[in-house]
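First up is the structure itself, then whatever we jot down about it.
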Amino acid sequence: EVSFAYDAFGRRTKKKVTRPDGGIERTFFTWDGDVLLMEERFGLPVKREHVHRGLEFRRAQIVREEPEDVYSLPVAQRMHTLERHHEWQAASLYLHEPGSFVPLARLDEKLVEPAFLATGTDGRFVQVAAKTRHGTYFYQNDHLGTPQEMVDESGKVVWLARYKAWGGVKRAPYGNVDPVGTDNRIRFQGQYHDEETGLAYNRHRYYDAHSGRFITKDPIGLAGGVNVYQYAPNPTGWIDPLGLARIYNDAPYHGTTDNAVKSKAPIDGQTALDNSVQVKDTSPRRVGVDADNNEIVVMDKTRTHANGDEEFHGHVRCWCDLHNDQQSALRKAGKVTSKGKIK
Numbered sequence: 001e002v003s004f005a006y007d008a009f010g011r012r013t014k015k016k017v018t019r020p021d022g023g024i025e026r027t028f029f030t031w032d033g034d035v036l037l038m039e040e041r042f043g044l045p046v047k048r049e050h051v052h053r054g055l056e057f058r059r060a061q062i063v064r065e066e067p068e069d070v071y072s073l074p075v076a077q078r079m080h081t082l083e084r085h086h087e088w089q090a091a092s093l094y095l096h097e098p099g100s101f102v103p104l105a106r107l108d109e110k111l112v113e114p115a116f117l118a119t120g121t122d123g124r125f126v127q128v129a130a131k132t133r134h135g136t137y138f139y140q141n142d143h144l145g146t147p148q149e150m151v152d153e154s155g156k157v158v159w160l161a162r163y164k165a166w167g168g169v170k171r172a173p174y175g176n177v178d179p180v181g182t183d184n185r186i187r188f189q190g191q192y193h194d195e196e197t198g199l200a201y202n203r204h205r206y207y208d209a210h211s212g213r214f215i216t217k218d219p220i221g222l223a224g225g226v227n228v229y230q231y232a233p234n235p236t237g238w239i240d241p242l243g244l245a246r247i248y249n250d251a252p253y254h255g256t257t258d259n260a261v262k263s264k265a266p267i268d269g270q271t272a273l274d275n276s277v278q279v280k281d282t283s284p285r286r287v288g289v290d291a292d293n294n295e296i297v298v299m300d301k302t303r304t305h306a307n308g309d310e311e312f313h314g315h316v317r318c319w320c321d322l323h324n325d326q327q328s329a330l331r332k333a334g335k336v337t338s339k340g341k342i343k
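Numbering (UniProt numbering) for the sequence shown: 1 to 343.
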């Protein structure tokens, strides 16, 4: 069982995980604006005690309505307790395809022996340079640019993983795969996994693959959709393998009810758009149906995005108000019966 707490700015401040054994893990997030400063995790063991009954002891589990919280100190009082590593240990350089976040290769440099001062033959100090080890790894990605494998310079697979629906990684070693201490932090395009927090940094905010949500609101607000924490439509039931899906956005002048000037906006415009047909080859206007809400929606294209995605808005019309060509398009597509009833 997992629960979350958010502050007034929509930032996740607390995560509580109750494990099957009754143990509780709490994570606290500290923010500076939209920047995640710190994440702290506390694990609370299962609360048990032994009860003496006659000549035997029986273990009795104590269940509290609200387990004891372990809250941390304010940032100003605890920064000095953080472990600090000033010595350089390793560095990685990522190479991507031009103009994209699709990874091509990773160049690693790891510290083998740090630089130090030694005594020369003349008694003077001589600085000995650090010794490092270099490695080059190449990404094997799927059609979306998500890493599936990493191979070294000899072609040997050193990292292999498969992904859950919401982006969680399932390590899947096989055969002679030898990770040799190699890991991959790149997830979906534009995501960098943070091992310490379990979150993926998405440039402008952090993504939690376990809950399938971002932990802060979308910085562009409702322009990105009504669900400001959503990563994408449900990947277990919404797919677009050819990248042909169209985007629906309500126009501000269509309200929730009809008026003398404008028809009302649909309840679920995206469903109607996904289940729509183009009326004429010479016009982008479409007409679609939403069977669950029993709505027929007429839609017009408002713009085309830089990546080619088409955006539409629409309004609800009754069958009797549709033009003949719109009725004909729905009938031919099998969306309605001959009398206009939604199938």
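Glycine residues also receive a C-beta, built at the ideal position from the N, C-alpha and C atoms.
Cβ-Cβ distance between residue i and residue j below 8 Å
i           : j           : result
residue 150 : residue 137 : yes
residue 228 : residue 218 : yes
residue 317 : residue 298 : yes
residue 41  : residue 29  : no
residue 327 : residue 340 : yes
residue 197 : residue 39  : yes
residue 295 : residue 272 : yes
residue 139 : residue 103 : yes
residue 135 : residue 122 : no
residue 293 : residue 268 : yes
residue 313 : residue 223 : no
Distance between beta carbons of residue j and residue i, contact taken as under 8 Å
i           : j           : result
residue 37  : residue 206 : Contact doesn't hold; Cβ gap of about 12 Å is too wide.
residue 159 : residue 142 : Not quite, the Cβ-Cβ distance comes to about 15 Å (not below 8 Å), so this is no contact.
residue 359 : residue 145 : Residue 359 is absent from the model: the chain starts at 1 and stops at 343.
residue 342 : residue 265 : Between residue 265 and residue 342 the Cβ distance is about 18 Å, and since that is not below 8 Å, they are no contact.
residue 133 : residue 110 : 5 Å
residue 155 : residue 187 : Going by Cβ atoms, the distance from residue 155 to residue 187 rounds to 24 Å, so no, they are not a contact pair.
Residue span of the beta strand (DSSP E) that contains residue i, given as start and end
i           : result
residue 276 : 276–280
residue 5   : 2–6
residue 101 : That residue, residue 101, is in no beta strand (DSSP E); it is neither H nor E in DSSP.
residue 229 : Looking at the DSSP string, residue 229 is not in any beta strand (DSSP E), and its letter there is neither H nor E.
residue 21  : Premise fails: residue 21 is in no beta strand (DSSP E) and is neither H nor E.
residue 257 : Counting along the chain, residue 257 falls outside any beta strand (DSSP E), and DSSP gives it neither H nor E.
residue 92  : 90–96
residue 304 : 295–304
residue 336 : No beta strand (DSSP E) holds residue 336; DSSP gives it neither H nor E.
residue 125 : 125–128
residue 118 : 116–119
residue 284 : 283–290
residue 210 : That residue, residue 210, is in no beta strand (DSSP E); it is neither H nor E in DSSP.
residue 312 : 310–317
residue 131 : 131–141
residue 193 : 192–194
residue 189 : Premise fails: residue 189 is in no beta strand (DSSP E) and is neither H nor E.
residue 149 : 147–151
residue 159 : 157–163
Selection from the options that minimises the alpha carbon distance to residue i
i           : options            : result
residue 315 : 287, 328, 341      : 287
residue 246 : 341, 276, 208      : 276
residue 300 : 318, 294, 280, 290 : 280
residue 130 : 108, 97, 88        : 88
residue 248 : 263, 195, 124, 305 : 305
residue 285 : 255, 193, 322, 187 : 322
residue 193 : 332, 9, 169        : 169
residue 43  : 33, 23, 338        : 23
residue 147 : 127, 185, 155, 132 : 185
residue 278 : 156, 109, 333, 257 : 333
residue 216 : 133, 6, 156        : 6
residue 107 : 27, 214, 254, 90   : 90
residue 211 : 220, 230, 310      : 230
residue 165 : 209, 310, 109      : 209
residue 427 : 31, 270, 258, 1    : Nothing can be reported for residue 427, as the shown portion of the chain is limited to 1 through 343.
residue 220 : 34, 8, 3           : 34
residue 310 : 270, 331, 319, 338 : 270
residue 302 : 289, 283, 320, 257 : 283
residue 4   : 214, 161, 128, 331 : 214
residue 289 : 263, 157, 319      : 319
Residue span of the alpha helix (DSSP H) that contains residue i, given as start and end
i           : result
residue 234 : No alpha helix (DSSP H) holds residue 234; DSSP gives it neither H nor E.
residue 332 : 324–332
The ligand NAP heavy atom lying under 7 Å from the CB of residue i
i          : result
residue 98 : With respect to the ligand NAP, the structure shown offers nothing to examine, as it has no ligands at all.
C-beta neighbour in chain D for residue i, strict 8 Å
i           : result
residue 160 : In the structure shown, chain D does not exist; there is a single protein chain.
Exercise. Determine, using beta-carbon pairs with one atom in the segment 228–237 and one in the segment 13–30, whether at least three such pairs fall under 8 Å.
Key: Output reads no: the segment 13–30 does not touch the segment 228–237.
Practice problem: Check whether the segment 109–127 touches the segment 199–213, counting contact only when three or more Cβ pairs, one atom from each stretch, lie closer than 8 Å. | Solution: No contact exists between the segment 109–127 and the segment 199–213.
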